[in-house]
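Visitor: In this note's numbering, the protein residues as written are 6 to 107.
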(Lines of atoms letter the chains of each structure in order from A; the text may use other names.)
(Lines give C-alpha, C1' and ligand atoms only; values in the text may rest on other atoms or scores of the structure.)
Protein backbone atom coordinates (compact mmCIF):
# COMPACT_ATOMS: atom_id res chain seq x y z
CA UNK A 6 0.00 0.00 0.00
CA UNK A 7 1.39 3.41 -0.97
CA UNK A 8 0.75 6.55 0.99
CA UNK A 9 -0.94 9.39 -0.87
CA UNK A 10 0.54 12.86 -0.84
CA UNK A 11 -1.43 14.78 1.82
CA UNK A 12 -1.55 17.88 -0.40
CA UNK A 13 -3.04 15.86 -3.26
CA UNK A 14 -5.61 14.34 -0.89
CA UNK A 15 -6.60 17.81 0.37
CA UNK A 16 -6.84 19.09 -3.21
CA UNK A 17 -9.12 16.21 -4.17
CA UNK A 18 -11.31 16.87 -1.13
CA UNK A 19 -11.49 20.58 -2.00
CA UNK A 20 -12.43 19.79 -5.61
CA UNK A 21 -15.18 17.47 -4.32
CA UNK A 22 -16.52 20.21 -2.00
CA UNK A 23 -16.61 22.71 -4.88
CA UNK A 24 -18.32 20.24 -7.23
CA UNK A 25 -20.96 19.46 -4.60
CA UNK A 26 -21.65 23.14 -3.93
CA UNK A 27 -21.91 24.09 -7.61
CA UNK A 28 -24.18 21.09 -8.23
CA UNK A 29 -26.38 22.17 -5.31
CA UNK A 30 -26.48 25.75 -6.63
CA UNK A 31 -27.39 24.69 -10.19
CA UNK A 32 -30.20 22.39 -9.02
CA UNK A 33 -31.50 25.16 -6.72
CA UNK A 34 -31.53 27.72 -9.54
CA UNK A 35 -33.22 25.37 -12.01
CA UNK A 36 -35.90 24.14 -9.61
CA UNK A 37 -36.63 27.57 -8.16
CA UNK A 38 -36.88 29.11 -11.64
CA UNK A 39 -39.41 26.43 -12.55
CA UNK A 40 -41.38 27.03 -9.32
CA UNK A 41 -41.46 30.80 -9.85
CA UNK A 42 -42.66 30.36 -13.43
CA UNK A 43 -45.45 28.05 -12.25
CA UNK A 44 -46.40 30.49 -9.48
CA UNK A 45 -46.47 33.48 -11.82
CA UNK A 46 -48.38 31.57 -14.51
CA UNK A 47 -51.09 30.68 -11.99
CA UNK A 48 -51.25 34.16 -10.48
CA UNK A 49 -54.59 35.04 -8.91
CA UNK A 50 -55.25 38.74 -9.52
CA UNK A 51 -57.69 38.81 -6.56
CA UNK A 52 -55.07 37.56 -4.10
CA UNK A 53 -53.62 40.48 -2.16
CA UNK A 54 -51.44 38.22 -0.02
CA UNK A 55 -48.37 38.10 -2.22
CA UNK A 56 -44.72 38.57 -1.31
CA UNK A 57 -42.39 39.94 -3.98
CA UNK A 58 -45.06 39.11 -6.53
CA UNK A 59 -45.23 35.43 -5.55
CA UNK A 60 -48.12 33.57 -3.96
CA UNK A 61 -46.36 30.49 -2.62
CA UNK A 62 -43.02 30.05 -4.43
CA UNK A 63 -41.20 32.36 -2.02
CA UNK A 64 -41.32 29.64 0.66
CA UNK A 65 -39.13 27.12 -1.16
CA UNK A 66 -37.01 29.85 -2.81
CA UNK A 67 -36.07 31.49 0.49
CA UNK A 68 -36.10 28.34 2.61
CA UNK A 69 -33.89 26.34 0.29
CA UNK A 70 -31.88 29.49 -0.43
CA UNK A 71 -30.88 29.64 3.23
CA UNK A 72 -29.39 26.15 2.93
CA UNK A 73 -27.53 27.15 -0.25
CA UNK A 74 -26.07 30.15 1.63
CA UNK A 75 -24.94 27.92 4.51
CA UNK A 76 -23.45 25.44 2.04
CA UNK A 77 -21.62 28.31 0.29
CA UNK A 78 -20.32 29.68 3.60
CA UNK A 79 -18.99 26.26 4.52
CA UNK A 80 -17.41 25.79 1.10
CA UNK A 81 -15.83 29.22 0.60
CA UNK A 82 -15.38 30.69 4.08
CA UNK A 83 -14.32 27.56 5.89
CA UNK A 84 -17.32 27.77 8.22
CA UNK A 85 -17.82 24.31 9.64
CA UNK A 86 -14.19 23.26 9.16
CA UNK A 87 -13.90 22.67 12.88
CA UNK A 88 -14.00 18.90 12.48
CA UNK A 89 -11.03 18.82 10.10
CA UNK A 90 -9.00 21.19 12.29
CA UNK A 91 -9.80 19.11 15.39
CA UNK A 92 -8.88 15.87 13.60
CA UNK A 93 -5.53 17.39 12.58
CA UNK A 94 -4.92 18.54 16.16
CA UNK A 95 -5.72 15.11 17.57
CA UNK A 96 -3.57 13.44 14.91
CA UNK A 97 -0.58 15.57 15.87
CA UNK A 98 -1.19 14.76 19.55
CA UNK A 99 -1.30 11.02 18.78
CA UNK A 100 1.91 11.25 16.73
CA UNK A 101 3.71 12.92 19.65
CA UNK A 102 2.38 10.30 22.08
CA UNK A 103 3.51 7.47 19.81
CA UNK A 104 6.95 9.06 19.46
CA UNK A 105 7.31 9.16 23.25
CA UNK A 106 6.37 5.51 23.67
CA UNK A 107 8.66 4.15 20.94
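Here a beta-carbon is modelled for each residue, glycine too, at the ideal position from N, C-alpha and C.
#1: Apply the 10 Å Cβ neighbour rule to residue 62 and answer buried if 16 or more other Cβ atoms are within range, or exposed otherwise.
#2: Does the Cβ-Cβ distance between residue 40 and residue 65 come in under 8 Å?
#3: Contact check, residue 27 vs residue 73 under 8 Å by CB: the rounded distance?
#4: At which residues does the alpha helix (DSSP H) containing residue 18 begin and terminate?
#5: Work out the CA separation of residue 43 and residue 18 for me, nearest whole Å.
Guide: Taking the structure as given:
#1: Classification for residue 62: buried.
#2: In this structure, residue 65 lies closer than 8 Å to residue 40 by Cβ.
#3: The beta-carbon separation of residue 27 and residue 73, rounded to 11 Å, does not stay under the 8 Å limit for a contact.
#4: Per DSSP, the unbroken alpha helix (DSSP H) holding residue 18 starts and ends at 11-46.
#5: Whole-angstrom Cα-Cα distance: 38 Å.
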